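Below you'll find the structure, written out as structure tokens, and then a few comments.
In the working numbering, the protein residues as written are 3 to 172.
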């Protein structure tokens with residue numbers, strides 16, 4: 003027993019601070035023949051040999067990764083999924099006025115979007131690039147935001163008549 007304690011003290015003094023000693027095999031295992039003989043009963047089994055330092059990496063080559071969860075992933079960005087139908091998704095240039103009606107609160111307009119659906123809009127309603135300033139019996143007055151860094155004008159007023167030139171075809 004004093005020999006084991008002395009060996010541990012010598013081993014601990016040889017290590018640098020922060021380093022842990024490697025587990026030592028008992029003397030009976032150290033003297034066992036290396037010819038593939040079975041270790042004595044009650045002794046721990048030797049650890050399996052690790053393969054060489056090669057690390058496996060997955061190369062997708064255009065295929066999806068089989069370890070990625072399919073739920074909640076998609077090819078479309080979230081901003082496009084959040085975008086709903088309605089006047090707020092239509093640009094001012096894409097709409098045409100189909101009708102103007104009298105309502106209890108004033109005038110309302112029917113506009114047709116690029117999807118060939120008709121929507122009812124009120125004064126103050128927002129579009130993708132502007133807002134509806136006012137509705138007259140013959141036109142819509144829209145304030146359009148100008149998205150041109152070289153332009154000195156940041157907003158412009160656009161009038162959309164009830165009957166546009168493209169509607170009056172003979």
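Virtual Cβ for every residue (Gly too), placed ideally from N, Cα, C. These numbers were taken from a predicted model, which means no experiment stands behind them.
Identified DSSP bridge partners for residue i
i: residue 163; result: 141
i: residue 129; result: 132
i: residue 87; result: Residue 87 pairs with nothing; no bridge assigned.
Where the beta strand (DSSP E) through residue i begins and ends
i: residue 111; result: 108-114
i: residue 122; result: 120-123
Three-state secondary structure (DSSP) of residue i
i: residue 94; result: helix
i: residue 101; result: strand
i: residue 147; result: strand
i: residue 158; result: strand
Cut-off 7 Å between Cβ atoms - residues of its own chain near residue i, not counting five sequence neighbours on either side
i: residue 61; result: none
Cut-off 8 Å between Cβ atoms - residues of its own chain near residue i, not counting five sequence neighbours on either side
i: residue 156; result: 147, 148
i: residue 120; result: 100, 112, 113, 114
i: residue 109; result: 102, 103, 125, 137, 138, 139
Close Cβ partners of residue i (< 6 Å) along its chain, the five nearest in sequence each way excluded
i: residue 128; result: 90
Inter-stretch contact at 8 Å, needing at least 3 Cβ pairs: the region 88-107 / the region 150-167:
Judged by Cβ distances under 8 Å, the region 88-107 makes contact with the region 150-167, as three or more pairs qualify.
Below 8 Å, how does it come out for the region 100-113 and the region 64-73: are there three or more Cβ pairs, yes or no?
Counting C-beta pairs closer than 8 Å gives fewer than three between the region 100-113 and the region 64-73, which falls short of the contact rule.
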